[in-house]
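Written below as structure tokens is the structure these notes are about.
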Ligand SMILES: Cc1cc2nc3c(=O)[nH]c(=O)nc-3n(C[C@H](O)[C@H](O)[C@H](O)COP(=O)(O)OP(=O)(O)OC[C@H]3O[C@@H](n4cnc5c(N)ncnc54)[C@H](O)[C@@H]3O)c2cc1C
Ligand SMILES: Nc1ncnc2c1ncn2[C@@H]1O[C@H](COP(=O)(O)O)[C@@H](O)[C@H]1O
């Protein structure tokens, strides 16, 4: 069972005050802590579990404008066998189509039974790369996967639909799955684990190694372009309660009372 | 004639809400572009759905085939790519749902067309589609653009466009032959299964105390539980809490959980991703506690409290106890 898992590093923006860059097309990332995309953590774990059960290999791949070696080292520490990073400045501002094109160039010459991506990236939230990649590779795919069972030359997966409904779908291998959170419990990696994995194979390529041309890369190649970012006006919706915690709690209690829930 | 194409989404014999939302959006675009509003309905024995759709579209293209009985991204992709190639609509609208997420990217790849996903609103000109979408978990709005001269595809977020409701069109229903559907046997629908959700029924609660990743650790959950109890409410949560197995699935609010409408919803350490909002936005009063003043939850909340939830929870709990004792 040879599995390729696509991973992306994303900034943790949850508690941060975000500032839009001067050109208006991105946010300032200098101060932000970056880590593996939430969905990809589950995808890597799932790949490793299948390998541990069935044998084979796991290859982690990333396409990036930045130095993301630590991302791939983390995947190796989790149990991936090798990693491939394609680094090129021109990937900055790329849309899903360009990223999937680059991933396709890496993957098409590798042997694989399954390719995993996350359902979506926390930052851009496109939920596109896995599906486009399956299209380029001309293999069947399933998105929003919450369970995988490997059978003879095929996989049976559960896809999450809305509410509590799921559908069971069978795919002939090779196939692409986009992995949903909660499918497993990703293992923890320690600094020691990362150090131990330092000996594992890690390849860094550039775009010419992949035979990608200028026209296939970067902002000019992107079919969907970012025109500008803006921060939604703050406090548009809610009335912000001010005062000491005690005063606020009193206010909340009276709001609840007025709604007839705290009699 | 120029055309706006909308994919009708249905499941188990029922048209899904997103279909009416997209038709409403499609109608607006069609009027502005002086285009025809066409909806495509792939399925099997769905004539009655086609008739329903004809009240809100100029033309319903009914593609009936036994192999289209259940959604299949491969089969749907062939149906749509054939139609799009021959009819050349300016834009094709698809829901950003479990169906659309499975279908749209592969379709765009096959057609070599630009695809804007999870759009909140669209503006169309002769040359260009401009869409507003959210990035960074809803903290930033992005305006994106692509050419529509050779057609384009957009997936639309559920619940952001209001459906028209009343009959606005008297469309024609045209039955068309499905394409050969070659190679679709590599992907096989087996069955639907319902996740086993036992335990509490959060939809019956008058007051819900919901926790998100801000609760930080499983060990802290009893604190929220005690608060819920003191308020006479029920404990619920966002998805990551269920993903981590800290609470059973029955407690999850959102698209892949439950939709709740309590009299009061208190969100503690929940950022307000749209998949969560969808499940609680119709609550009577929404009170959100979050450290981040820019958290998107404050856009749907009626009252916001910008502070550490660990400072707030015990104080509110004491207050509630005090009030109940006084009675
Ligand atoms: C197909 C699909 C379906 C999904 N379905 C659902 C669903 O049904 N329900 C759902 O909830 N999500 C769902 N999600 C996930 C959703 O996109 C978000 O990832 C999730 O809702 C985030 O949960 P959260 O707000 O708890 O966590 P986060 O986004 O991590 O937010 C945590 C918040 O807590 C705040 N915080 C941290 N510490 C404190 C503190 N001490 N005091 C106060 N505030 C603090 C932070 O500022 C932050 O705003 C789905 C996603 C997909 C792709
Ligand atoms: N630059 C990248 N390198 C490798 N994988 C990526 C990259 N961008 C996205 N992906 C994969 O595609 C998934 C969906 O991303 P997106 O379509 O951008 O929401 C992610 O969870 C990753 O698995």
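Protein chains in written order, with my numbering: chain B, 975 to 1237; chain W, 4 to 330. Glycine residues also receive a C-beta, built at the ideal position from the N, C-alpha and C atoms.
So, do the region 1100-1110 of chain B and the region 1072-1080 of chain B have three or more beta carbon pairs nearer to each other than 8 Å?
Yes: the two stretches touch, three or more of their Cβ pairs being nearer than 8 Å.
If contact is defined by three or more beta carbon pairs under 8 Å, each pair taking one atom from either stretch, is the region 93-101 of chain W in contact with the region 52-65 of chain W?
With a cut-off of 8 Å, the region 93-101 of chain W and the region 52-65 of chain W do not count as touching, because too few Cβ pairs lie within range.
Assumed close pair residue 1203 (chain B), residue 144 (chain W) - CB separation to whole angstroms, cut-off 8 Å
7 Å
Are there any heavy atoms of ligand 2 lying less than 6 Å away from the beta-carbon of residue 1102 (chain B), as far as the coordinates show?
yes
For residue 164 (chain W), tell me which candidate among W:20, W:107, W:326 and W:218 has the shortest Cα-Cα distance.
W:20
Have a look at residue 173 (chain W) and residue 1149 (chain B) and give me their C-alpha separation to the nearest angstrom.
43 Å
Residue 988 (chain B) beta carbon near ligand 1 (any heavy atom closer than 6 Å)
yes
Option nearest residue 1186 (chain B) by Cα separation, candidates B:1064, B:1234, B:1126 and B:995
B:1064
Which value, in whole angstroms, describes the spacing of the CA atoms of residue 106 (chain W) and residue 122 (chain W)?
16 Å
Could you compute how far the alpha carbon of residue 1037 (chain B) sits from the alpha carbon of residue 1144 (chain B)?
29 Å
Tell me residue 1132 (chain B)'s beta-bridge partners as DSSP assigns them.
Beta-bridge partners assigned by DSSP to residue 1132 (chain B): B:1121 and B:1142.
7 Å is my cut-off, CB to CB: does residue 144 (chain W) come that close to chain B?
Chain B, which has a Cβ nearer than 7 Å to the Cβ of residue 144 (chain W), makes this yes.
Any heavy atom of ligand 2 inside 6 Å of the beta-carbon of residue 23 (chain W)?
no
Can you tell which of B:1224, B:1234 and B:1231 has its C-alpha closest to the C-alpha of residue 315 (chain W)?
B:1224
Contact list for residue 1038 (chain B) against chain W, beta-carbon separation under 8 Å:
Those within 8 Å of residue 1038 (chain B) in chain W number zero; the least Cβ separation is about 17 Å.
Please confirm if the region 196-204 of chain W is in contact with the region 152-167 of chain W, defined as three or more CB-CB distances below 8 Å between the two stretches.
No: fewer than three Cβ pairs fall under 8 Å.
Return the chain-ordered list of same chain residues with a C-beta closer than 6 Å to the C-beta of residue 1085 (chain B), the five sequence neighbours on each side being excluded.
976
Compute the minimum distance between the beta carbon of residue 293 (chain W) and the heavy atoms of ligand 1, and state whether it is under 6 Å.
yes
For residue 1169 (chain B), count neighbouring Cβ atoms within 10 angstroms of its own Cβ and tell me buried if that reaches 16, exposed if not.
exposed
Do residue 213 (chain W) and residue 256 (chain W) have their C-beta atoms within less than 7 Å of each other?
yes
Hey, would you say the C-beta of residue 76 (chain W) is under 6 Å away from at least one heavy atom of ligand 1?
no
Using beta-carbon positions only, say whether residue 142 (chain W) and residue 995 (chain B) come within less than 7 Å of one another.
no
Euclidean distance between Cα positions of residue 33 (chain W) and residue 1048 (chain B)
50 Å
With a threshold of 6 Å (Cβ to nearest heavy atom), would residue 1092 (chain B) be considered close to ligand 2?
yes
Check whether the region 125-139 of chain W and the region 1122-1142 of chain B are in contact - that is, three or more C-beta pairs closer than 8 Å.
no
Can at least three beta-carbon pairs, one atom from the region 75-95 of chain W and one from the region 41-55 of chain W, be found at a separation below 8 Å?
yes
If we count the other Cβ atoms within 10 Å of its Cβ and call it buried at 16 or more, is residue 1066 (chain B) buried or exposed?
exposed
For residue 306 (chain W), go through chain B and note every residue whose CB falls closer than 7 Å to its CB, in chain order.
1212, 1213, 1215 and 1229
Can you check which of these residues, B:1213, B:1039 and B:1020, is closest to residue 1153 (chain B) by C-alpha distance?
Per the Cα distances, B:1020.
Going by alpha carbons, who is nearest to residue 1151 (chain B) out of B:1002, B:1005 and B:1018?
B:1018
Excluding sequence positions up to five away, which residues of its chain have a Cβ less than 6 Å from the Cβ of residue 306 (chain W)?
290
How close, in whole Å, do the beta carbons of residue 227 (chain W) and residue 205 (chain W) come, if the pair is a contact with beta carbons under 8 Å?
By a beta-carbon distance limit of 8 Å, residue 227 (chain W) does not contact residue 205 (chain W). Their separation comes to about 14 Å.
Considering only the alpha carbon of each residue, which of W:222, W:154 and W:220 lies closest to residue 113 (chain W)?
The residue with the shortest Cα to Cα distance from residue 113 (chain W) is W:154.
Is residue 311 (chain W) near ligand 1 - that is, is its Cβ less than 6 Å away from at least one heavy atom of it?
Yes, since a heavy atom of ligand 1 falls inside the 6 Å radius drawn around the Cβ of residue 311 (chain W).
Kindly confirm or deny that the region 1092-1105 of chain B and the region 1165-1185 of chain B touch, where touching means at least three C-beta pairs closer than 8 Å.
no
Mind pulling the chain W residues with CB within less than 9 Å of residue 1122 (chain B)?
None at all; the shortest Cβ gap to chain W is about 14 Å.
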